Structure formats: structure tokens, C-alpha cells
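Some notes on the structure that comes next.
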Amino acid sequence: MTVEEWKQAPIAILGAGAVGKAVGADSKLAGNRVHLFELPAFAGQTLKNLDKTGITLTGGQNSLYGFERSGRAFFDLVTDRIEEAVAGAKIVIVAVPSIAHDQFFEALVPVLEDGMIVHIIPDNFGSLKLRKKMRELGCQKQVIVGGWTSAPYGARIVREGGVMTPKIELKYRAITLRGAALPLTDQDIFLESSQAIGVDLLRYPKENFLSRTSILGPEYMGDDCIVPFDQQFPMAYGTGPFTIQDRYVTEDVPVGCHIYHELGKKYGVATPVIDSMIVLGSVMTGRQFFEEGLTLEDLDLAHLTKEETLAYLETGLFREREV
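Residue 394 in my numbering sits at position 43 of the sequence shown, with consecutive numbering throughout.
Structure follows, in C-alpha cells:
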């Protein structure tokens, strides 16, 4: 299919948090048909009144090229029935934290159809978990699965007195993102389909990692956006988090950091910096991230050799665990 053909079909957004609503509203304002889905357990809160209010995109939307898209968007379908949300869709965007992946994938796999392309934003090993769930449920549908390291925006739901409003503030718009398909043989089609949500692929020079902006600045302002550590970074003002019990710690440490720790153990690579982050995160939150963190078993990788793991990631060739 071509990009224009993909655009003729509705886009299914799974997850009605800040990222899901922002991607959905942005896609709708760009002229696409958009279906928004939330799990029934949360729909009463996250989907409340959306059919009446829509979602309004606001904010500075800083980016190198100055592109902005603001306005009020009304979705073509708002539902807590996933089979309705994905009906006729070619692009399915899963926009939920990693803690919700299992629930969403359990619901998604039975309704997958041949030719669908699933984008997971952010991925956080969701591509591996979705492929595992497809094997567990015996799903043979020919779909493309891939994920992105971040959302296309810094999106924040505007709240007044603790009450959620129908407005999403976009702090910035990414001009480049890092994404990949699983397996890598699907990469070209996966990246081409991403044009529907305006993302791209970039490799960052080393100096970007050694600045206050890290790789976030270049995501929306290009490689020259480098803020030394002795200077301030105004874009980040007022965006939180304001508690240590936040997904920037409670998701990034037990998911991202812990898998790197597990890979280091399996392949004999020391990970002292990663390990120290897990220790500090555990102490500050009062949790045990070494014990509760995501594991290679969770991703169906623990039984694979290094060569088998690479073959799986690159070509899709997978050796089932012996029982």
C-alpha cells in the first residue's frame, strides 16, 4: 500500500491518555479519520464527554521548522469496544505506558487483521511483548509491528484544580524520532507508514548525549540544539514530574534499565551505571526494582542464544522454548 492508501483508512488509536489523545487529534486535524479506544475500566474517565468537547491542541509546539497544528478535533469514533475501533483500520497506534501493554495486547491480538501496521508509542519493549502475545494466542495474521522511543510531541493534558480538561498542550513537535520494526525485514514499510503521523529516523552524534538536552533537544530542534549542563533548559520548565512516584522513574527504571541489566548478565557485559540507577530508584521509591523489573522471560528472549536473538530481531526467525 502507499501512504495515500493508508490515509484512506481510519487510524485506530488505542489508549486515551495524553499521547493517545494528542496523536489522535493531530491526525484528525491533518484530515484523517480517527477511532479512539480506551479499555472499559478506564473509559468512564478518559473518554468522558469527548463526543461533545473533542480535543483541542494548544501550546508552543517548538520545533526547528516552526510547524504548528492547533485546533479542535472531533474523533470519528470514541469507543470502549476494541473491535469497533480497529474495524477497517490499516494503522493501529498503541499509545499507553508499558504497565498497560499486557491488557491492551490481550484485547488487540484477537481482532488483528492481515495488512495492519501497529505502531507502539513509546515502545518500551512492547513490540517484543506483542509478538509474544501473538504466539501465545496462536495468531497467524500477517501484520507489521514496530515501536518508537518517544511520542511525536511533549504532550500534557491541561488540568484545572485537578480536573481534566479537553485540552492538550504540546510543548514541542519532534522532527526526528528513533523507531524500528520487529523483525527488521519490515523496516521499510514500517517507516513509510509512519509518514501518516509525521515521524522520521535519526542517528544522534555523541555530543548530544553529553548536554542538558540529551537527545530530546535534537528531536525537535536538530543536531545544533545543545545546552551545556551549566545552563538552564527553559522548555522543561513546569512540565513535572512533581513526585518521585512517576512513570519517569517507576516505568523507566524497572522496564528500560532492568532489561539492560538482564542483557548484561546474560552476555557478560558489566552495567554499573544502569545498576546504580536501579539501586537509587529502588531506594527513593521504596520498591524492589531488581525483583519486580521486566525480565528477558517476559519478552521470550531468555532461552535464546545471542545469535538466535539477533536472528529473531533481524529476520523474525524464532526458536520456541522447549517444555
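In this text, a Cβ means the ideal position worked out from N, Cα and C, and glycines have one as well.
It should be emphasised that the depicted structure is a prediction, and the values quoted were computed from it without experimental measurement.
Exposure of residue i, with buried meaning 16 or more beta-carbon neighbours within 10 Å
{"i": "F668", "result": "Residue identity check: residue 668 is Leu in the sequence provided, not Phe. When all chains shown are included, L668 counts as exposed."}
{"i": "Y504", "result": "buried"}
{"i": "S627", "result": "exposed"}
{"i": "M635", "result": "exposed"}
{"i": "I595", "result": "exposed"}
{"i": "L631", "result": "exposed"}
{"i": "S478", "result": "buried"}
{"i": "H654", "result": "exposed"}
{"i": "S421", "result": "exposed"}
{"i": "D575", "result": "exposed"}
{"i": "K518", "result": "buried"}
{"i": "A621", "result": "exposed"}
{"i": "G512", "result": "exposed"}
{"i": "G497", "result": "buried"}
{"i": "N383", "result": "buried"}
{"i": "L488", "result": "exposed"}
{"i": "K480", "result": "buried"}
{"i": "V514", "result": "exposed"}
Euclidean distance between Cα positions of residue i and residue j
{"i": "V429", "j": "V370", "result": "16 angstroms"}
{"i": "A451", "j": "L614", "result": "23 angstroms"}
{"i": "T516", "j": "G644", "result": "33 angstroms"}
{"i": "F640", "j": "T646", "result": "11 angstroms"}
{"i": "R423", "j": "P361", "result": "18 angstroms"}
{"i": "W357", "j": "A363", "result": "12 angstroms"}
{"i": "C490", "j": "L650", "result": "17 angstroms"}
{"i": "D537", "j": "E464", "result": "17 angstroms"}
{"i": "E520", "j": "G395", "result": "22 angstroms"}
{"i": "A506", "j": "E673", "result": "44 angstroms"}
{"i": "K379", "j": "D402", "result": "14 angstroms"}
{"i": "N413", "j": "Q454", "result": "34 angstroms"}
Any non-hydrogen atom of the ligand GTP within 7 angstroms of residue i CB
{"i": "F455", "result": "With respect to the ligand GTP, the structure shown offers nothing to examine, as it has no ligands at all."}
Minimum C-alpha distance to residue i - residue among the options
{"i": "T525", "options": "T622, F425, A394, G411", "result": "Residue identity differs from the one stated: residue 525 is Ala in this sequence, not Thr. Minimum Cα distance to A525 is reached at G411."}
{"i": "K346", "options": "T409, M352, Q396", "result": "Outside the shown range of the chain (352 to 674) lies residue 346, about which nothing can therefore be said."}
{"i": "L533", "options": "Y599, G513, E643, A662", "result": "A662"}
{"i": "E435", "options": "V385, A392, H612, T656", "result": "V385"}
{"i": "A446", "options": "F541, P391, A373", "result": "A373"}
{"i": "V443", "options": "P605, L415, T404, V494", "result": "V494"}
{"i": "P605", "options": "G375, V514, F418, S449", "result": "S449"}
{"i": "S544", "options": "A440, V674, K399", "result": "A440"}
Residue i, enclosing beta strand (DSSP E) - first and last residue
{"i": "L521", "result": "514-524"}
{"i": "I577", "result": "It is not in any beta strand (DSSP E) - I577 carries neither H nor E in the DSSP assignment."}
{"i": "P510", "result": "Contrary to the premise, residue 510 reads as Arg rather than Pro in this sequence. Counting along the chain, the beta strand (DSSP E) containing R510 begins and ends at 504-511."}
Where the alpha helix (DSSP H) containing residue i begins and where it ends
{"i": "T594", "result": "Per DSSP, T594 belongs to no alpha helix (DSSP H) and is neither H nor E."}
{"i": "E642", "result": "640-643"}
{"i": "H609", "result": "609-618"}
{"i": "H452", "result": "452-459"}
{"i": "V630", "result": "623-636"}
CB-CB length for residue i against residue j, believed under 8 angstroms
{"i": "F476", "j": "I610", "result": "6 angstroms"}
{"i": "G405", "j": "F425", "result": "4 angstroms"}
{"i": "L535", "j": "E665", "result": "5 angstroms"}
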